[in-house]
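Start counting the sequence shown at 6; every next residue gets the next number (my numbering).
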Amino acid sequence: MKRGGKKFSFRKWCDDWALSLKGVLLATKSPRFWAFFVPVFIIFGTLLDLLSGGLAAFSLMGASDLGGVLKIIFDSFLGLFGINKNFLDWLLIFGIAILQAALIGIIAIIWRHNKDQAAKRKRQRQTEKLDNVAGSEAATGLQNSGIIAGLAILGSGCPTCGTALLTPIIGAVFSGGSVAIAGTVSGIITALAIIIAIFALRRVGLDVYAIIVSKRMEEKNDRN
Numbered sequence: 006m007k008r009g010g011k012k013f014s015f016r017k018w019c020d021d022w023a024l025s026l027k028g029v030l031l032a033t034k035s036p037r038f039w040a041f042f043v044p045v046f047i048i049f050g051t052l053l054d055l056l057s058g059g060l061a062a063f064s065l066m067g068a069s070d071l072g073g074v075l076k077i078i079f080d081s082f083l084g085l086f087g088i089n090k091n092f093l094d095w096l097l098i099f100g101i102a103i104l105q106a107a108l109i110g111i112i113a114i115i116w117r118h119n120k121d122q123a124a125k126r127k128r129q130r131q132t133e134k135l136d137n138v139a140g141s142e143a144a145t146g147l148q149n150s151g152i153i154a155g156l157a158i159l160g161s162g163c164p165t166c167g168t169a170l171l172t173p174i175i176g177a178v179f180s181g182g183s184v185a186i187a188g189t190v191s192g193i194i195t196a197l198a199i200i201i202a203i204f205a206l207r208r209v210g211l212d213v214y215a216i217i218v219s220k221r222m223e224e225k226n227d228r229n
């Protein structure tokens, strides 16, 4: 079987996934990873939880004082960890937040590595063209991350409760059954966000695996 003019190897496909997973695990040993992972997970996860009721939480925040706003945000923060949340709703929010935060954390490592390599090439008086290529992988990862965030927010809500974020939009187009349609579309968009996140994580996982392993080999050679 061929894909894109190249012979497709199931074994290589599985090996790539295995190396990607190793790359993700190796990345978690870096302080830089956690410096980005934790705030992204908390902020993005809390935002998704706020949107789990459509725009009701934001309407309530607009009518509340500072104390009320902080309480709503804090309750959503607790909801990120499953407190007072339906299990399925919590699982989707938690899963997407984890994937998005891991993606950003790994991109931060790749970006730092590329910047260091660009500086090294500059010191070695390489061409300006090579220096400009340095952030290409990280830039692609950030683009994918933005797509995932957009899809996750667009598909957020509780479709079964009629509070999907898409409900008012679809309701303006379809006179009846807008809740059911919004629920279906919301589910598809959320699934698409998860799939894109997983494959984006696979790509950056392979990149960070190569970076970490090559860096360890360089350090070993320097010691020898």
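Note that beta-carbon positions come from the ideal geometry of N, C-alpha and C, so glycine has one too.
Assigned with DSSP and collapsed to three states, Ile88 falls in coil, not helix or strand. The continuous alpha helix (DSSP H) containing Asp21 extends over residues Phe15 to Ala32. The DSSP-derived three-state label of Leu60 is coil. Judged by beta-carbon spacing, Leu71 lies beyond the 8 Å limit of Ala102, meaning their Cβ atoms are not closer than that value.
Ile98 is not a Cβ neighbour of Phe38, given a cutoff of 8 Å. Ranked by Cα distance from Ala106, the options Asp121, Leu65, Ile47 and Lys125 are led by Ile47. Between Leu85 and Thr51 the beta-carbon gap is near 6 Å, inside 8 Å, which marks them as a contact. One Cα belongs to Ser14, the other to Ser219, and the distance between them is close to 25 Å. A distance below 6 Å between beta-carbons, with the five flanking residues on each side excluded, links Val29 to the following residues of its chain, in chain order: Gly210. In terms of Cβ geometry, Ala23 and Leu108 do not form a close pair [threshold 8 Å].
Cα atoms of Gly100 and Ala198: separation of roughly 11 Å, rounded to the nearest angstrom.
Ile203 is the residue among Leu65, Met222 and Ile203 whose C-alpha sits nearest the C-alpha of Leu26. For Asp54, the uninterrupted alpha helix (DSSP H) segment begins and ends at Pro36 to Leu55. Taking 8 Å as the upper bound for CB-CB distance, Ala61 and Ile77 are not in contact here, some 10 Å apart.
Ala113 is not a Cβ neighbour of Phe49, given a cutoff of 8 Å.
Residues Gly87 of the same chain have their beta carbon placed closer than 6 Å to that of Trp95, with the five preceding and five following residues left out of the count.
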